[in-house]
Each structure stands twice: as C-alpha cells, then as structure tokens.
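Reading through the structure tokens given below for one structure.
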Amino acid sequence: MSNKQLLQGSFDPKAIEADLYAEWEQNGYFDPSGEGKSFCIAIPPPNVTGTLHVGHAFQQTLMDAIIRYRRMAGFDTLWQTGTDHAGISTQMVVTEQIRAEGQSPAELGRKKFVDRVWEWKNESGGTITRQMRRMGASVDWSRERFTMDEGFSRAVTEVFVRLYEDGLIYKGTRLVNWDPELKTALSDLEVVSESEDGHLWHIKYPFAGNVRTSAGDSYLVVATTRPETMLGDTAVAVNPNDERYKSVLGKSVDLPLTDRKIQIIADEHVDMEFGTGCLKITPAHDFDDNDIGLRHGLDQVNIFTTSATLNENSPRPYQGMDRFDGRRAIVRDLEDSGLLDSVEPYSVKIPRGERSNAIVEPLLTNQWFVDVKPLAEKAVQVVREGLIEFVPKHWENLYFAWMREVRDWCISRQQWWGHQIPAWYDSEQNIYVGRTEDEARKKANLSPDIVLERDSDVLETWFSSSLWTFGTLGWPEDTREFRTYHPTDVLVTGHDIIFFWVARMIMMTLRFTNEVPFKKVYITGLIRDAEGKKMSKTAGNGLDPLDLVDGIGIEGLIEKRTRDLTQPRMAQRIERATRRDFPKGIKPYGADALRFTLCAIASPTDNYNLDVNRIEGYHFFCNKIWHATKFVLANCKGFDRSNPKKLSMADRWIRSRMRTLIEDCIRAFETYRFDLCAKHMYDFVWHEYCDWYLELTKPLIYDDLASSDLKNGARYTLLEVLELTLRTMHPIMPFITETLWKQVAALNGRRSPSLMLEHYPTTEDLPSDPQAESNIDWLKKVVTAIRNIRGERQISPKRNVPVEMSEGSTQDRHLSEYNEALLCKLAHVSELTWTNGANKDRTGSVQLVNGLKITVPFVDADEISSERNRINKELTRIDKELIGVEAKLNNENFVQKAPPNIVEAQRDKAETLRSQRITLEDQASQLPT
RNA sequence: GGGUGUUUAGCUCAGUCCGGGAGAGCGAUGGCCUUACAAGCCAUAGGUCGUAGGUUCGAUCCCUACAACACCCA
C-alpha cells in the first residue's frame, strides 16, 4: 500500500488484513528464531473438523498476544499448533453422512469406515486453521500436528504399553457412563446433566417373614426416580443412626416382582431426611449405589443390555423391553399388587450424551482403566510446590479437590475412529499387549500358530491429548525441540477442562518425561452473550467470531442461528431476539477490533459478557489510531531525524507518559492482565496522545514563524511516540499496527521489513520527566477549567474570550507565562491577564485550580444568575467535602494514630478547600444583584 | 446438601500484592461539521460500592453472617 492511499479515507480492516497474514506466514516470521531464551505455548488442539467459536477466538487471541509479546521481547518462541481427532464427534458426523447415503457403518466395515473419516478430515480439516489465520494467530504452521498422525500415534502406543507394563493400566468390569445409542462408554465431560420433570415413586418392599418396623408396618417404603432399576436391587440401606429402622437391620425384604430376597443394611451415606430414609441399592446401575455395594460386598445384578433393554437377569415378562417401557410395566404391576405407595412430581437430573442426546445409563462393562492414584500424588505435589502455578490462583483449590477424589480413568471407547488399543487376545481371552502384534507375541513367547485378535476398542480422545505438550515435540524420540521447548511456559485454557485435560497432562507428562508440562496455567472464564447467557446453538445466541470480523447481514445471521435446530419450534423466538439485538446485522469490525475487545474483557473473573457495542467502540479506536497516523504523516513528510531539534515541554511530557505506558503494558503482559493492558493502550492513545499531545503540537506545527528546531523536536516526538505506540500495541492488534508501522518506521529510523521483527519497546531512552508532567498537568487543568466555563455558558468555540487570573502562586504565574500561547489556543482565549483581584467592576464566571482563580468575564446580564447557581453548587460540594475532612482532623485518634503523611495531606486539603470557599463566597458577593 | 465465584452509575465492567471518601466505555443531556478523525470534538448529569455486624483513627477493599445470581460436585 502506498502512502498516497493511506493518507486518504478511514480505517477499513478488510483492505489491510487480507494480505498481511500471508506475507508473515510466507516469510517464516512465526517460526522460532532460534535465538534467545526459549518460550513455548502448546495450543489446546481444537477438533480437526470443527469450526472456530468465540471461546477459541478468545483463548487464541490471548495466546497470540503472549507469543507476539515474547517474540518481540527477544525470546525464541514456539507456538505449537495442531488439531485433535475428536473421536466421538467426528465419528458421528461421518456416520450420519454414510447413513444419508443409505448405508450403515456396519455394512461398510471398520477399514472402509476409517478411510472415510480420513477423507472427511482431509476435506474439512482446513476450516478451523483457515479461521485461525483470519484472526492473526502466529502459530508455527510448519510444525502443525494431529493427534492421529504417525508420530503422535507412536507416542500414544508407547504410553499405553509402558503404563500396562508398569501395572497402571488394567482391564476390568466396572460401572461406566454408557451411551445406549452410540453403544460406547463416555467420559463425564461427554455427559451433560440437566433437570427435567419426572416423578418420585414410593414403593413398598414387604419384609420377608414376620418383621415389623417400630411404627408397626410390615414393609419398608423406598423412594426412587427410576423404578425399573429395582429389578437389579441387591439391598435396602438405611442410616445407622435412624431410630425408625434400627430393629430391622440385618433382616430381609422380598424384592417385589422378583423371587429374590435382599438384605437391609446400614450405611452412613443414606440421608435420613430424604423420602422415608430407606434407599434401594442397585449397584449395577447407579454410581453411588455401586460405592455402597462395594463397601458391603453386595452382588451386582446387571439388568440391561448394551441397548438399555431389559436382559435375562430380569423376570421373564420384562425381558426385551426398552427401559422406559419396562418402567411403565413395572409401575403398573406394582400398582396392581398394591405395592405402589404413592407417586409425586419430581425434578430429576437426567444425564444425556453430549453428542447423541441419548439418556446415559450407568452400565457394568468390560473396559480398560488407568489406575490414577499413583499418578495423582506427584501431580498434586508439583502444584503445591509451585512448579506449576495457576492464574488466577484460586483454581488450584479446585484442582486439589478433584485430585483427592480421583477415580480410575476409563480410557476405552467402543468406537472405530481413534487410536486402536494395542492389545491382542487369544481364543481364551488372554491379553497380550505390545507396541505391535509381533512385539506382543515375542514378549509372551507365543508360537506362530496361535491366532491373535486385536482389541477392537479405541482410546478415548483425552488419553491422547494428555500427551500433547511432549508428544508434539517429538517424544518418545529425544529431539532438539523437546530439549529446547519442554516444559512449555504457559497453558491457556478454560476452567471446564482443568480435570479432563490439565490434570491428566500433568500426570502423564510427569510420568513419562519427569518434567511438568507447563510452568503456568492461565485459566480463562467463559464468554457469554451481552446479557450474560451462555452461548449455545439451542438458545440461538451464539456468535461466530468471523462474523464479528467480516460482518454479516441480518438475514444471514438468522439463517445461521436457526439452521439445523434440534428444537425447530425455537426458530421464531430466535429470529425475533436476533432482529432485536442486531437490527442491521453485524458490521465488519475487523480482526484487530475483535482481538482488542477480547483482551479488554479478559479480567480475572469466571465469565465475560461479549457486547457487540464494545467491539464497535474498539473498532472506532482503530479508526482513531488510523487518523492520528494520517495526521502525523501529513506533518512529517520527508522528515530527517538528524536535523537539529529542540524538545518542547509537551514533547518531554508525552515521552515521559510513553515511558509509563511501556512499563504498564509490560507489567500487564507479564501478569496476564490483558484487560489492563488494553485499557492502558486505549487511554494513552486516545486521551493522552490524541486528545492532548497532537493538539499541543498543532499550534507549533502550523506556526510559520516558529523555530525550526522546535518544529523538528515536535516532529521527532510525534513520529517516535507513534512508532513506539504501534510496537507496544502490536501483540494485541497485529494488523493495523503493522500496516501503519510500515508507513512511519523509516521516518523514525527503523529499517526492519516487518513490525514482527522489531523489538518490544523498552524504557531505556525515555526518561521519566516529573517537571514536564507537572507542567502539562497544570496546563490541562487550566484549559479544562476554562472549557468548563465555556461549556456551561455555551460560548461558541469560534468566540475567543478574555481570561483573567488572580490569587495564584508565583508558580502559577510562571506556568501561565510559559504556557500562554498554548493555553490561549487550546481554550480559545483572546487575552490572558493577571489581576490582583482588585478589579471589582468586572465580574465573571470563576473556576479554581488549586489556589489559582480563573475568571471569564460576563458579557451579558442573564449569564449572571446561572453563574450564581454554579457557584452555589460548587460551594455545596466544597462544604460537603470540608465537613468530612474536618471531622477527621478533629478526631484525636486520627491525628495520633494515622501515618503523619496522611494527616498532613488532610490538613493541606482542608486548607485548600477553605481558601476555595472564601474565594467563591467573595465572588458570589460581587455578582450584581 | 458441599464447594467456588459474582454483587460498584441506566447497561457492561475496572478499581492490582499494600485500607486514606470511587473510575472507564456505551447510553442519556447540552453545545460544536474547530484544516487527523461527526467512526469526531468540548462539556454536563448519575453511585448510602448487595444487606447486617465486626476489626480499625478510618472499610468498596480485611473478617463473620445473611441474601440474590452463576457455575462445579453430590
């Protein structure tokens, strides 16, 4: 882009962002420099066939800001990228495609099915990486990995085999979350529980033999939300302290509808207040009951098939029934036999498979497990010792709590897409584990004529992702990358996967590398919509980050939000809400504005509300920077830095402020306070550089008679501070800063072909300048005071007014003389005079700046009454403040106990307020009546 | 039932390890097309900092209890 184009028009993100990314990528600017201290972030791998949602955009923006900052600060940075094979969700998508073609995966067979998934992966796997590029993510694409690629798969097999050899992986029959539709085990994360309307059935269990409760009943009443599971009951439990049932402990009841007798046992877990205080125990179909069952050595009677129909362990009439038909039949039969005590409506938490939406059934199945306890100890220790630090710190508590209650980890899934478990079976179901079948045979000295069959299960996705930091760096080979970049420096992720991913990475990495996977864990909250609601497809309030970048019309947005709804009846409501919130659709705000917004909302809290108005505000901020640069360039054409120059007070001031900005931003980046970082940048650019510094330079630059040394000083500073500002902001807003930087860099003596190759600003050449700061602070206050009077009296900006000063200190007098020209220009003052306050003939509006009295004389009579109001208002304010301060000073305790500097400050304040009060009263009395 | 977090201007949020009478953006109101920017400039209004106690000379900040909301676990 040429200067000419830049000097025209306003900020248009589309025009500048398009080609820049390709340029960076092609020039290899994202690759590690190979010089300096290493700094590495491993990206949480998104689903390979997924699309970018706001949460990704958010976390990746923060990671990119960190990486760009570190890269500029001279680190050898690697942002390791890659994607996850996302077992279940990917398999489901492809299954549906195949079904749509009128086939079933079973007909296709495993090999062809997996080939189809690879096809789909190659076809659609590029979407999310394309979107990441659009957001400006500076990941090293040359090192992109995939959890199913050859090298990573080798790491997965290696880990499985070693854990098996060490006795930390075993196969066993345990209770797991079972999805009867997908016919696979699910992790807790893949199960979503929500409250739904249901019932609580109270069922009578008659005692076996002549037994009575203390109340004289010949039966116990148990309450359950799932009556059909009673067929698998193996006990009834009561609290050992429950007086009502002490006498029946150890006795039995006849389990209705069956010919089984079950025992009455005592367990602390039972809540005496709930229902009748009797709890039916179904160890094979409830996680809590399973624990109780294990404690008491109860039988586990599994009554369901893998399709959740009643199996041969249930009484014949119910066999083959679906679990809900079974429930109806059982309730009816209980009622018929008079054993149904009562039914009440009840809100039940229903667990559903995240992908299939099927109701999950706790089911006893034969699965592979990791024995987590031995791994967890060390994982807790490294966090306790500070080798890994959570930011914000309080998440460590959650981590510790989870680790204390850690259960064995079910790692097998009955799926085809994923890492097939490296275990083989002979005809007697003996297990042989090895990196290959050959190895497994050799280890067991198997004769070649024994036929082995490989385990058909795959490992769950989290198993492979737990190896992410070291697997991507080449482990198990001893690579240079692993030695250089591991442990990685920081992990940026959401609190929802601290246990599923973060904790497991820590455990696995410690086990296999003897290192922590990362030194810091920055936990982000969840992005919600403007009203604080969770963004979701069903609620129809989701936002596609790229729509915020490139814009979308209202019809397009509605179409997107109502497409493929699971509940089509929601469409109308979603459309209405969308039209209300986005009457004109979404404007193209650009990647920088979105990135800046995401940083600005990233305060240390659990949730952030993403308000499009805010993005618009930061889009305007981009425009502000754009125009400021236009201004600077227009006034610095052909500027030569070697020209003799003299810095003005304003130049010295903005350089001193620039120093503060750099310090603030560095501190903010180092402490992960992206919100403060964005705020500092915004305030500096808008309210210091643009509002004041540019305005302060104009009188000088536009003055043909001004000294060329001073003009050169101003141009020098305009360019220098702008160039430094662009560098300072680059990690958050890479596109606009690079574009503008290329226009100003050479004028400030920078020769790099890209801002990405420049060093992050340091404060070395920028002295802190208290004199300039107090000088310009005074000027700002005085100008603002005069503008305040002008505003209140609605004096047109075109009209210059005379201003009188009086009662100030000699310092005020010096400053006013020094700054007179600027002051008159900025406040539209025709003439500035000092009076000794004796001029009683001319009255006017008064503002006080500390001890200095500033008067703008009246021109007509009706201004006088409004001035009286203004003074009265001001007096009220001063009185209120004075009362507070004086109360403090009259308090003996305060004067004695508070630190002397605080007391002194209060005395000064009281002094100032009193003198202001006198001046104002004096002024009011002088107003003509 | 247990745990964590939140509660500050009409709205969305800052207010930092370290207590000394609270800030921004948006919105609202009034005035300006002032030669970088109307996507802008200048000014104004508004808050017993969730409630009740406690600690302290002094509490938005520290402690306790309670309430509401959110999330996690059961």
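If you want our numbering, it's the position in the first sequence, counting the first as 1, plus 139. For every residue, glycine included, the Cβ atom is placed at its ideal position computed from N, Cα and C. If you're wondering where the values come from, they're calculated on a predicted model, not measured in any experiment.
Residue i burial status per 10 Å Cβ neighbour count (16 or more: buried)
i	result
His953	exposed
Tyr747	buried
Ile206	buried
Glu412	exposed
Leu737	buried
Lys143	Unreliable placement is indicated for Lys143, whose pLDDT of 41 sits below 50; no coordinate value is reported for it.
Ala1094	The requested residue 1094 is not part of the displayed model; the chain covers only 140 to 1068.
Met140	Confidence is the limiting factor: at Met140 the pLDDT is only 40, short of 50, which leaves the residue's position unreliable and the question unanswerable from this model.
Arg210	buried
Ala157	exposed
Glu943	buried
Arg794	buried
Ser326	buried
Gln1062	buried
Ile725	buried
Ser935	exposed
Gln711	exposed
Thr949	exposed
Ala817	buried
Thr1058	buried
Minimum C-alpha distance to residue i - residue among the options
i	options	result
Lys153	Glu970, Trp218, Asp686 and Asp1018	Asp686
His435	Ile442, Asp406, Glu304 and Thr448	Asp406
Ala518	Phe874, Phe657, Arg269 and Ala225	Phe657
Ile550	Ala739, Asp381 and Phe299	Phe299
Ser787	Asn958, Ala324 and Arg255	Asn958
Contact check, residue i vs residue j, beta carbons under 8 Å
i	j	result
Ile342	Ala374	no
Ser893	Tyr168	yes
Met674	Asp668	yes
Gln1045	Lys1027	yes
Phe621	Gly613	yes
Tyr811	Tyr661	yes
Val509	Gln559	no
Asp318	Val499	yes
Ala911	Arg753	no
Arg796	Glu827	yes
Cys829	Lys920	no
Leu370	Tyr303	no
Val233	Arg255	yes
Ile403	Asp372	no
Bridge partners - residue i, DSSP secondary structure assignment
i	result
Lys400	Asp393
Thr632	Ile662
Val511	None; Val511 has no bridge partner.
Cys179	Leu217
Leu479	Ile342
Ile489	Glu333
Lys310	Trp507
Asp461	Thr448
(message) Below 8 Å, how does it come out for the stretch 282-291 and the stretch 218-228: are there three or more Cβ pairs, yes or no?
(response) yes
(message) With a threshold of 8 Å, are at least 3 pairs of Cβ atoms found where one atom belongs to the stretch 588-608 and the other to the stretch 557-569?
(response) yes
(message) Under 8 Å: do the stretch 770-787 and the stretch 845-860 share three or more Cβ pairs, one atom per stretch?
(response) yes
(request) Specify whether the stretch 790-801 and the stretch 925-940 touch according to this definition: at least 3 beta carbon pairs, one from each stretch, less than 8 Å apart. (result) no
(request) Spell out a yes or no on whether the stretch 862-871 and the stretch 898-906 are touching, meaning 3 or more CB-CB pairs, one atom from each, closer than 8 Å. (result) yes
(message) Check whether the stretch 186-197 and the stretch 641-660 touch, using three or more Cβ-Cβ pairs below 8 Å as the test.
(response) no
(message) If contact is defined by three or more beta carbon pairs under 8 Å, each pair taking one atom from either stretch, is the stretch 832-845 in contact with the stretch 170-177?
(response) no
(request) Please determine if the stretch 338-355 and the stretch 578-585 are in contact, where contact requires at least 3 C-beta pairs separated by less than 8 Å. (result) no
(request) State whether the stretch 329-337 contacts the stretch 527-535, with contact taken as three or more CB pairs (one from each stretch) at a distance under 8 Å. (result) no
(request) Report yes or no: do the stretch 957-966 and the stretch 981-994 share at least 3 C-beta pairs separated by less than 8 Å? (result) no
(message) So, does the stretch 454-472 touch the stretch 300-312, judging by three or more C-beta pairs under 8 Å?
(response) no
(message) For the structure I just gave you, are there three or more beta carbon pairs, one from the stretch 424-441 and one from the stretch 380-396, closer than 8 Å?
(response) no
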